[in-house]
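Participant: Structure below; questions to follow.
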Amino acid sequence: MGPKGSWARQAAALIILVTALFAPGPAHAGTLVHVRKVTLATPATGSAEVVVATNVSPKFSTRITNNKLQLLVDITDADVAGADAAIVKGNDVVAGVLTQAYEVDGQRIARVLVTLAKTAEYDIRTDATGLTISLTAAAATKIKDLPRAGAVKSA
Numbered sequence: 035m036g037p038k039g040s041w042a043r044q045a046a047a048l049i050i051l052v053t054a055l056f057a058p059g060p061a062h063a064g065t066l067v068h069v070r071k072v073t074l075a076t077p078a079t080g081s082a083e084v085v086v087a088t089n090v091s092p093k094f095s096t097r098i099t100n101n102k103l104q105l106l107v108d109i110t111d112a113d114v115a116g117a118d119a120a121i122v123k124g125n126d127v128v129a130g131v132l133t134q135a136y137e138v139d140g141q142r143i144a145r146v147l148v149t150l151a152k153t154a155e156y157d158i159r160t161d162a163t164g165l166t167i168s169l170t171a172a173a174a175t176k177i178k179d180l181p182r183a184g185a186v187k188s189a
C-alpha cells in the first residue's frame with residue numbers, strides 16, 4: 035500500500051475517535067432508581083423505622099433542617115413510581131413523611147422528608163431493595179454513633 039492508503043487509515047481512525055468523544059451519552063449513567071413504596075413502623079417505644087423500597091440499591095445524601103426536626107434524604111438518579119406522597123399518621127418519634135420527585139439541571143432526585151416529632155439519632159442502611167432509616171429518640175438530632183470494627187472499649 036502506498037502513502038494514500040496510510041493517510042486514509044489515519045483519517046478514518048481520527049473520524050472514529052472524534053465521533054466517539056463527542057457522541058451524546060445516556061442521560062443517566064446507571065439504572066434509574068424507582069421509589070416504589072415508603073412505610074413507617076414503630077419497632078419499639080421511642081423508635082421509628084422508615085423503609086424506602088426501590089428497584090435497585092440507591093445512592094443518597096442527607097441533611098438535617100428546620101431546627102433539627104427534619105431529616106432530608108435525597109436519592110440521586112431517582113423518581114417516585116408508586117409511593118404515596120405522604121404518611122400523615124406518625125408515631126412518638128416521627129410526625130410524618132413526605133415523598134416527592136424533582137429535577138435540577140437534568141439530575142433526577144427523589145426526596146424523602148422525615149419530619150420528627152422530637153429530636154432523634156438516626157442510621158441509614160441500604161441494600162438491593164432500598165434504604166432503611168432507623169431513628170431513636172435522643173437529646174439531639176444526629177447520626178448514631180456506631181461502634182467501629184476493631185474498636186476497643188475502654189474500661
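For the sequence shown, the working numbering gives the first residue as 35, with consecutive numbering after it.
Just so it is clear, CB atoms sit at the ideal spot from N, CA and C, and this is done for glycine as well.
What first and last residue would you give for the beta strand (DSSP E) that runs through Thr166?
Facilitator: Counting along the chain, the beta strand (DSSP E) containing Thr166 begins and ends at Gly164 to Ala171.
Participant: Helix, strand or coil for Gly59? Go by DSSP, reduced to three states.
Facilitator: Only weak support is given to the placement of Gly59: the predicted model assigns it a pLDDT of 40, under 50, and the value that follows is read from those uncertain coordinates. Three-state result, Gly59: coil.
Participant: Give me the Cβ distance between Leu106 and Leu147, rounded to the nearest whole Å; I'm assuming they're in contact under 8 Å.
Facilitator: About 6 Å; that satisfies the 8 Å criterion.
Participant: Considering Cα atoms alone, identify which of Thr110, Thr160 and Thr99 is closest to Gln134.
Facilitator: Of the candidates Thr110, Thr160 and Thr99, the one whose C-alpha sits nearest the C-alpha of Gln134 is Thr110.
Participant: Please classify Ala83: is it buried, with 16 or more other beta-carbons within 10 angstroms of its beta-carbon, or exposed?
Facilitator: Here the sequence assigns Glu to residue 83, which means Ala is not the residue at that position. Buried is the call here.
Participant: On a Cα-Cα basis, can you pick out the residue from Val67, Val128, Ala120 and Thr96 that is closest to Ser81?
Facilitator: With distances taken between Cα atoms, Ser81 lies closest to Val128.
Participant: Leaving out five residues before and five after Thr149 in sequence, what residues of the same chain have Cβ atoms less than 6 Å from its Cβ?
Facilitator: So the list reads Gln104, Ala129 and Gly130, once near-sequence residues are dropped.
Participant: If you follow the beta strand (DSSP E) that Thr160 is in, where does it begin and where does it stop?
Facilitator: From DSSP, the beta strand (DSSP E) with Thr160 extends over Ala154 to Asp161.
Participant: Using the DSSP secondary-structure output, state which residues sit across from Ser95 in a beta bridge.
Facilitator: Note: Ser95 sits in a beta bridge opposite Asp108.
Participant: With DSSP run on the structure shown, which of helix, strand or coil describes Ala78?
Facilitator: Ala78: coil per DSSP, three-state reduction.
Participant: Applying the 10 Å Cβ sphere with the 16-neighbour rule, what's the burial state of Pro92?
Facilitator: It is buried - the Cβ of Pro92 has at least 16 other Cβ atoms within 10 Å.
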